[in-house]
Structure formats: C-alpha cells, structure tokens
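Per UniProt numbering, residue 1 is the first one in the sequence shown, and the count goes up by one each step.
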Amino acid sequence: MGNLGYFQLKAAAPGAWRLSLAPAGGGGNTSAYAITSIEGAGAGVGTVTADGDVAVVVDSLDGARGTLLRVRHRAEAGGDAAAVGDGGGGGGGVRDKLSSLFRRGAPSPTASATAAAGASVDGAADGAPAHDPRIHVFSVASGHLYERLLKIMMLSVVRHAGAPVKFWLLQNTLSPAFKALLPGFAAAHGFEVGLVTFRWPTWLRAQTDAQRTIWAYKILFLDVLFPLTLRRVIFVDSDQVVRADLAELMALPLDGAPYGYVPFCESRRDVDGFRFWKGGYWAGILAGRPYHISALYVVDLDVFRSTRAGDTLRAVYQSLSADPASLSNLDQDLPNYAAVTPGGGAPGGHPLVRIFSLPQEWLWCDSWCDQASKPAAKTIDLCNNPLTKVPKLVAAKTIIPEWEEYDRMAAATTAEVYARLAQAVASGGGGLGGEGGVPPPPPDEPLAVPEPAVADGGAAAGVGDGVSRDEL
C-alpha cells in the first residue's frame, strides 16, 4: 500500500526468516534501495548484513497483531528508484518508513524461507502464467445460509463458463466446516479455489459490526488481497445465479477505469419511492449520473494498482467513516462517492476513482428491474425487496427456475464430501480442519425452512437518509 508504506508478508511457519528489498525491476541481484535499519517491539530482529538482509525470528503465528516491523532504507547510487514499489506504473515508491506484518498463514509442508512474499492465498504461490486463460471470481460469505447460496453461485458460474474457473473466497468469514468442504466440492465440479485474507491494518479505522466489516473487505483491499500476477477478477455476490459466460467480463474493455459496476435498475416503477439515490444527498452529488450496485463488478487489477485506486479508497474511507452516519451501504457508497468526487476538490476535475458502467443485463434483480428485461439477464441477484420483505430462499424458488436444481446438486455433493470426512474422522485420519472426533455438520435444510431475519441497512453516504439495504 502507498498508505504509510504499509505491507503484509505471510510467514507460512514459525522460524527464522530473511527480510530483504526486492531486486530492481523484479530481477537480478541489485536493489535500487538498501535497508539501513529495522526495528520491531518484542521481535527477534537481527542487524543488517553486508548483503542487505535482516534476520527476523517469527516465534508465533497466534498474536493479535503479528510481528510489526518498521524498516528504514536509503537509495542506492545509480539505482532505478522508480522500479521499486511503484505498482507497475504509478507514483510513490518505497517510503521512508515501511511496515510489514507477518500474519497468520496456513502451515505448508513445502514452506521454506524462499517462499514468495507476494503469495496471498493459502497454499498458493504467486506464480500464475503471464497469460492466464482462467476466469477469476471473488466472493464473500458468512453464515450457513450464505455458504449454501455461495455453493449455488459457484455451480452456476462453472456451468456457463467457457474457460477454467478459479474462485477466490475471503477466508476471514468462512466457517471451518465450509473450508473443510471446499477441496472436495471443487474437485467434484471441476474448478479451483483459493482462500485470501488480509489482517485489518491497525492504522485504518475498523468497523465494529460484522456485516459492515464484510462489506469493507469487498472494496478496501482489492490491491493487496490477490497474487500480484492476477490481472483481473470479477466479484459476484454469493446470492447470485449466473446465466452467462463470465469470460466476457474477463475480456471486456473498461475504457481505462480500474473497475466496472452495473448501474442500479430503474425499470420497475412500484419501488420508485425506495430509490434513495434519486433524492436528497445522492441526487445532489450524482447530478444525473448513475448509482451503481455492488453485487457484481469486474476489477482490472493492473489499472487498480498502477493508479493507486486502493490507496485513494482507503483515504476516502478513513475520512468519511469518522462520521458514524456515513457509508451505511459501505461497499456501494464508497466507490460511488469516489466516482463522482473530483480529485483535488476542483469542480469538473477527474474523479478520485472512476467507474466504468457495465451493460445493464449483467445484473438483474426482481426488486428493481421489470419483468420485460429478465430474459436478457446474464446474472440474477436475490436483492432484498423493500416492498415484500420475502425471505431469500422463498424468493430464489419463485424468481430463478433453475435454483432448485442447483440446490439439489450442491446438497448431494455436500453430503458426499461430508460423508468422506466423517469416515476419515472415524478411522482416526482427521476430518473437518484435521480435528479428529469432530462430526460433519448436517446437510442443508429443506427449502421450506424459513431463513433467519436479516436487518436492512440504513442510510446513504454523508447523510441520514433512511433507505433499505438493496442487497446483502
């Protein structure tokens, strides 16, 4: 991150590690900078060697903050300073003070001191080919209901995909049982899965509500969640069903913008009174421009990183989140605000972070779109209906004909994988998360079981306009 020159490194296992600056230009043995000193409270930190390395002892992966280090450096004579830390074309470079956090990582039998520092996925290194033909999908889920919906979303993506698919799931919110299920579920349906995580920086204002924290992870850390070789990723909400080949979005030009979102549908007239962006604060700052929904978006990670979009979004978040009434729909309000707010505060200037508007058919939901537009829908989202308050499982059955087929398929695979895990537990070979003696959770409940009530959101950014949360 450009913010405070902060970065996190994953130590896959406790032990002695060597910390050094990357070679200039990503190759060779010479860096444009040299470490002059390093300090860390309570850390086993050695002195800088003649080669510019520093020994760091990681004695635990269970600390609340990991091992926090402060690194000072100097520019080397004749070094290419622009080649270090510029994210592939943006400004910045290594700051006078850099912080690194060795955070919890999944131990691997192949882990070594030469593990790639850029790896952001459990068990995966930063080694994707330059031309990656796969479709990369990012999603988040929390709780049994949304993990169930996530399985259905993944099946729908794979069914329509014209290329191999890899899902990137936020590890922080998934249950141990679901994480144990994932390898078998992915193998059964022919896709890859990786878990990404990022420890919330101590200097960034934290959210106290669990749901708002999940929304924050959807937008605040896109530049640092994934391996640096990942060039594009598509976020798809866990409660969506995909009806088209997402390879289209992997190749869609975004006109130089770092990401593309779908504007909110405005074709269903009986919910006009709930379109909060048509009045008050949002109507004023949008000035006729669209308000975009955060249920699906595509991120050009090359552009996102090189333009420092992540740094900008975190700075805007830090400012707006000081007001508890602001950013009620955090994952939507933040990018929409940044897209209509000019950089430097000058009216008519370039926006802080531009949004490319995706074609409307890429996200259809019954709550906001009319029935005439449904046949062209490439994805269907189970947005909460502000009029009817119909539970998601009931809405899924009535709105998406193929949903029940996906649900039965997911339930059957889930039962098979859990049966194998239970057998492994019974034979003493480990089971869920490798914890012997832990029985697998029950299969998904029948469709008729009502879902738990979920409270709707509150207000638009910057003001206290009462609105219903469009999607969760």
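Ideal placement from N, C-alpha and C gives every residue a C-beta, glycine not left out.
Fewer than three Cβ pairs drawn from the segment 299-310 and the segment 175-190 lie within less than 8 Å of each other, which leaves the two stretches out of contact. The segment 242-261 and the segment 275-284 do not touch, with fewer than 3 CB-CB distances between them shorter than 8 Å. The Cβ neighbour count for leucine 387, taken over all protein chains shown within 10 Å, is under 16; the residue is labelled exposed. Taking aspartate 272 as the centre and dropping the five residues before and after it, the same chain places the C-beta of Lys278 closer than 8 Å to its C-beta, in chain order. Shown here for threonine 36: same chain residues with a beta carbon closer than 8 Å to its own, the five before and five after excluded, namely Val48, Arg72, His73 and Arg74 in chain order. In this structure, the alpha-carbon of leucine 150 lies about 10 Å from that of aspartate 407.
One Cα belongs to proline 164, the other to valine 137, and the distance between them is close to 11 Å. If you ignore the 5 residues before and after threonine 413, its C-beta comes within less than 6 Å of the C-beta of Phe185 and Ala188, all in its own chain and listed in chain order.
Under the Cβ criterion (8 Å, minimum of three pairs), the segment 302-313 counts as touching the segment 204-224.
Membership of leucine 195 in the beta strand (DSSP E) is indicated by the continuous run 192-196. In the three-state DSSP reduction, isoleucine 400 falls in the coil class, being neither helix nor strand. For threonine 379, the closest C-alpha among the options Phe356, Trp200 and Trp403 is that of Trp403.
Following the DSSP letters along the chain, one finds tyrosine 259 inside the beta strand (DSSP E) bounded by residues 259-263. Under a 10 Å Cβ-count criterion, valine 57 is classified as exposed, with fewer than 16 other Cβ atoms of the shown protein chains found around its own Cβ.
Of the residues Ser139, Pro176 and Glu266, the one whose Cα lies closest to the Cα of leucine 296 is Ser139. For aspartate 239, the closest C-alpha among the options Asp132, Asp323, Ile399 and Ala55 is that of Ile399. With respect to tryptophan 368, phenylalanine 264 sits close: the two C-beta atoms are nearer than 8 Å. C-alpha of glycine 2 to C-alpha of alanine 309: approximately 10 Å in a straight line. In the structure shown, the three-state DSSP call for histidine 73 is strand.
Distance between leucine 69 and alanine 55, taken at the CA atoms: about 12 Å. It is roughly 19 Å from the alpha-carbon of tyrosine 291 to the alpha-carbon of aspartate 270.
Exclusion of the five residues before and after glycine 349 leaves Pro342 and Gly343 as the residues of its chain whose Cβ lies within less than 8 Å of its Cβ. Just so you know, the alpha carbons of asparagine 336 and alanine 141 end up roughly 23 Å apart.
The beta-bridge partner set that DSSP reports for glutamate 39 consists of Arg70. Between the alpha carbons of tyrosine 418 and alanine 177 lies a distance of about 9 Å. Here the alpha carbons of glycine 52 and threonine 67 stand approximately 20 Å from one another. The Cβ-Cβ distance between valine 233 and isoleucine 152 does not fall below 8 Å.
Judged by DSSP in its simplified three-state form, phenylalanine 178 adopts helix. Within a 10 Å sphere around the beta-carbon of glutamate 416 sit fewer than 16 other beta-carbons, which makes this residue exposed. Distance check between glutamate 147 and each of Thr213, Val196 and Asp237 places Asp237 closest, using alpha-carbon atoms only. Note on geometry: alpha-carbon atoms of leucine 327 and alanine 339 lie some 14 Å from one another. When secondary structure is reduced to three states using DSSP, lysine 218 falls in the helix class. In this structure tryptophan 215 does not touch leucine 145 by the C-beta definition: roughly 17 Å separates them, more than the 8 Å allowed. At the C-beta level, glycine 143 and lysine 166 stay beyond 8 Å of one another.
Secondary structure at threonine 208: coil, using DSSP grouped into helix, strand and coil.
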